[in-house]
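Numbering (the working numbering), first residue to last: 361 to 478.
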């Protein structure tokens, strides 16, 4: 986006302040459609850190995600249980964790877009 959407920043701020992970959102970014639920950055970081810490090969990277986020206005959306939609399928089918720059969102809508794998 050439100008950051203040309404989207406000939605992200509400997610951050409420520590809720129930807000579903779908965004278009760089031609990709990502759909899923938003999580507060601290919750998202903690979960990524836990997943990495449990890995034999990637445990040393968990510390990078354990750091606390600041009190500045949100600059990124933190998706969990999210999918990248591609045609009639989604990657991954079960949901992944994505960090998306708000400045790069070209379109968005409230809600989790469903897909069909038939």
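Built from N, CA and C at the ideal position, the CB exists for glycine as well.
Rounded to the nearest angstrom, what separates residue i and residue j at their Cα positions?
| i | j | result |
| --- | --- | --- |
| residue 467 | residue 388 | 5 Å |
| residue 435 | residue 370 | 11 Å |
| residue 382 | residue 399 | 8 Å |
| residue 446 | residue 392 | 8 Å |
| residue 386 | residue 416 | 33 Å |
Using CA atoms only, rank isn't needed, just tell me which of the options is closest to residue i.
| i | options | result |
| --- | --- | --- |
| residue 489 | 408, 427, 428 | Since the displayed the chain opens at 361 and closes at 478, residue 489 lies outside it and no answer follows. |
| residue 384 | 437, 449, 391, 433 | 437 |
| residue 450 | 395, 378, 373, 372 | 395 |
Apply the 10 Å Cβ neighbour rule to residue i and answer buried if 16 or more other Cβ atoms are within range, or exposed otherwise.
| i | result |
| --- | --- |
| residue 376 | buried |
| residue 439 | buried |
| residue 443 | buried |
Where does residue i fall in DSSP's three states?
| i | result |
| --- | --- |
| residue 371 | helix |
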